[in-house]
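Working notes for the structure below.
And the structure:
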């Protein structure tokens, strides 16, 4: 505890868990007076050279005065942070506020000296970089804007920590010392450095779990059956290439093996390192296992045990303690209540899961929060991979259970660099950190496809994360903006994933259709139209078509510059045998090889032989009848390919001609739906290559808006602005709102009309009538005083007194299409800009489009065109097209406002009447509040517990 002389209470919110460069974790926390012994012990383990670099002179031990100084802080002008593992210090950092003369000072001085010391055994792990991020965030919170550091020229490691951080800095050399000064305000470069370090560290932490050199199964039963014994059998059956250990604390004295695997009573009895522990013991025994694993240096845990957050408040607290306990020793956790993890790489062959069979090796990565969904995904891929659409397998599989620690974000970080994964498939019951997920998804999707089924679940139980207030549909739209292929079911997930894993991305939406069934071709044609594709007229080859006919037709379609993809439809001909299936598959494969840049799909009806033949025609799996010389007997096209009993996949050389696989689907709708998702993704990839820019409008007064916002917020924590204040603030960003003058009486309405000029509109602004012309609460085109007074009388007669109606008078705007523009700051997802047509389209049908702020010019253009009712803006049924460039400019200006000033937490412009020339903002509201904290701008941290 701090003494009474300390100026601030212990800042618990500075505590954080971080992932280090090598994938391990450490805890960062403030140093207190209770840490004297830890500090002395830490210093004793630092080399003389490191001490010299820290103090510029030999300094073998800390004096009592030093210990007092380094453990007593006021948490304002003097702050010390420590990185700990297992409760012991591995590194420290401190700052001392100084004045212009370099001596200790207090606020308003905004500069501080900073110094680090890292234990030699932990140098090179990125500890100092993580501490710098956190001490800089603390300093900014305490009003410090600049750090200064003095470093010996030979201390290259520490100089590199400062120079690589990405802050704006100055360097000087005086009296044999390098002096570095740098501003603490985050820059684009410092954020880029932080995100790159985050990706490497989190990706490495997952890699350590998926590529262990040794595994211990804790809770292996002494008799067959049970979770632990099953996992041990699955690891052995998969051919795990590392060292395997069984652990059971009830093991009889003298028993040394279980199923031929070395057995131990405790992890600490194992001779040698253990990289991964699979925990399958009752929840009440897990803390002891975690303690033993931590003391033995285990790098990560897969906790299969249940009885945690899924069971209620007591379980949630047990889960929090589990995570805190594991992180204290630098371990990451998959689970609890997990199904397990799989890595099919020949280097590992890891099946640390409850899946009894190892999936076929392949290029698809799978992530599922739910064990049941994970089973379903593995089952469907196995079934499809072996008999319907060819041999396409899995690279890695993670079922995270309660995802108390390792989440989908971490796995995305790993897949981004994983050379064995080409396509990522994810089932997410919820997205705990939408802002981070969309950032990672955008980067991943630019390199490899990411397909997601998103449930409507809540945030993970036990996590201290902000919940999003955005509707499910809005979150889905934002995911699509980030390049995510968003599908509704796991069937669509597998359908789309198989197409992406096997075929190239199409260059457009033009689809050729050919086959031996006219009706199936027409069904495919209609499905393409429904999905927004541009199908060419189907080519009917008739039921008498031979494999040569299919080959020729497919080759011609692929050679046609007016075609971007081909769907082949096939039904069995009377008397057709299995040999015909094989010949047809070979004909399609050889034709597809001639145009490697265009995708080909097959729709088949009750034609398993063709699907399997397509698989065999391009399979890289070992084939029945292989010989040591490489010769192979042609497989029967009706049978799935069987693995050789005598050879494993990595022992069989790949065939000389590794042709791409042609996916086959049992229904036209499924094939076309998958193709449409891939077409949209391909277009996103092309657009992402040129994302556009955020325009800089010369008439925007950013400083004036900031001053106005500051003055308004001085009145209170949050407020909805009045009409005049709203118009003034929006005006600083070039958004002009038509004046609406209050008319509490008929004479007031007449005076307002004279001021504004006829024709005018009379509107009731009461909440139940606002923007409701359909209820009669709005009267338009009132050309003179007589019409105005008559309209006023009708409104009050129909709807009540002026006090109830709150009538206003507004000058008529040019006729056009009524639209609505909104922006809102969501605490989890960030700032979101939304657009739609005013009235029933947006309110009843939910026809709104959404983009994350800041919006670029290209995104504004796509936003306007994304709603289903967009044709009304572009001359639908002979109407006059409206001024969409003016509308796009308005969207960009509103985006700039909320991006530049996060205190603007909500903006609504309704209606915005877009005319053939220009637009009119007839109604506006703005809400101000202190901005929510930006997690993405702070230092790297793991989710808090």
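Residue numbers (our numbering): 1 to 945.
No residue lacks a Cβ here, since even glycine has one placed at the ideal position from N, Cα and C.
Query, Result
"Beta-carbon gap between residue 900 and residue 692 smaller than 8 angstroms", "no"
"Limits of the beta strand (DSSP E) - the one that residue 172 falls within", "169-174"
"Residue range of the alpha helix (DSSP H) that includes residue 683", "668-689"
"Neighbourhood of residue 634 by C-beta distance below 6 angstroms, restricted to the same chain and skipping five residues each side", "Low per-residue confidence applies at residue 634: pLDDT is 31, beneath 50, and the placement is therefore not dependable enough to give any value."
"Residue 763 in three-state terms, based on DSSP", "strand"
"Alpha-carbon to alpha-carbon, residue 265 and residue 252", "9 angstroms"
"C-beta contact flag for residue 150 and residue 177 at 8 angstroms", "yes"
"Selected residue, minimal CA-CA separation from residue 142, among 158, 90, 173, 74", "74"
"Which residues DSSP lists as bridging residue 731, in chain order", "DSSP, once it has assigned bridges, lists no residue as partnering residue 731."
"When 711, 807, 911, 323 are compared against residue 841, the one with the closest alpha-carbon", "911"
"Option nearest residue 277 by Cα separation, candidates 271, 254, 287, 303", "303"
"Extent of the continuous alpha helix (DSSP H) to which residue 223 belongs", "Here residue 223 belongs to no alpha helix (DSSP H), and DSSP marks it neither H nor E."
"Pick from 138, 129, 472 that is closest to residue 846, judged by C-alpha positions", "472"
"Residue burial classification, residue 844 (beta-carbon count within 10 angstroms, cutoff 16)", "exposed"
"Entirely enclosed alpha helix (DSSP H) segments - the region 421-494, minimum 4 residues", "434-445, 472-481"
"For residue 412 and residue 426, the rounded distance between their alpha carbons", "10 angstroms"
"Assigned exposure category for residue 187 - 16 Cβ within 10 Å defines buried", "exposed"
"Alpha-carbon spacing of residue 644 relative to residue 234, whole angstroms", "At residue 644, the pLDDT of 23 sits below 50, so the modelled position is not reliable and the matter cannot be decided from this model."
"Spatially closest choice to residue 706 from 729, 684, 696, 724, by CA coordinates", "729"
"Exposed unless 16 or more other CB atoms sit within 10 angstroms - verdict on residue 684", "buried"
"Candidates 821, 881, 827: closest to residue 889 by CA position", "821"
"Unbroken beta strand (DSSP E) run spanning residue 80, endpoints", "78-85"
"Residues near residue 170 by beta carbon distance below 8 angstroms, same chain, minus five either side", "180, 181, 182"
"Buried or exposed by the 16-neighbour rule on C-beta atoms within 10 Å, applied to residue 111", "buried"
"N-terminal and C-terminal residue of the beta strand (DSSP E) that residue 742 is part of", "740-742"
"Same chain, Cβ closer than 8 angstroms to residue 548, five either side skipped, listed in chain order", "587"
"Residue 400 versus residue 852: straight-line alpha-carbon distance, rounded", "28 angstroms"
"Whole-Å CB distance - residue 674 paired with residue 499, under 8 angstroms assumed", "5 angstroms"
"Through-space distance from residue 133 to residue 940, alpha-carbon basis", "7 angstroms"
"Residue 954 and residue 494 closer than 8 angstroms at C-beta", "Only positions 1 to 945 of the chain appear in the structure, and residue 954 is not among them; the question remains open."
"Exposed unless 16 or more other CB atoms sit within 10 angstroms - verdict on residue 116", "buried"
"Distance CB(residue 165)-CB(residue 131) smaller than 8 angstroms", "no"
"Between the CA atoms of residue 593 and residue 632 - distance to the nearest angstrom", "In this prediction, residue 632 scores a pLDDT of 34, lower than 50, which makes its location untrustworthy; no coordinate-derived value is stated."
"Nearest-angstrom Cα separation, counted from residue 342 out to residue 367", "10 angstroms"
"Residue burial classification, residue 516 (beta-carbon count within 10 angstroms, cutoff 16)", "buried"
"Of the listed residues 198, 813, 299, 210, nearest to residue 86 (C-alpha basis)", "299"
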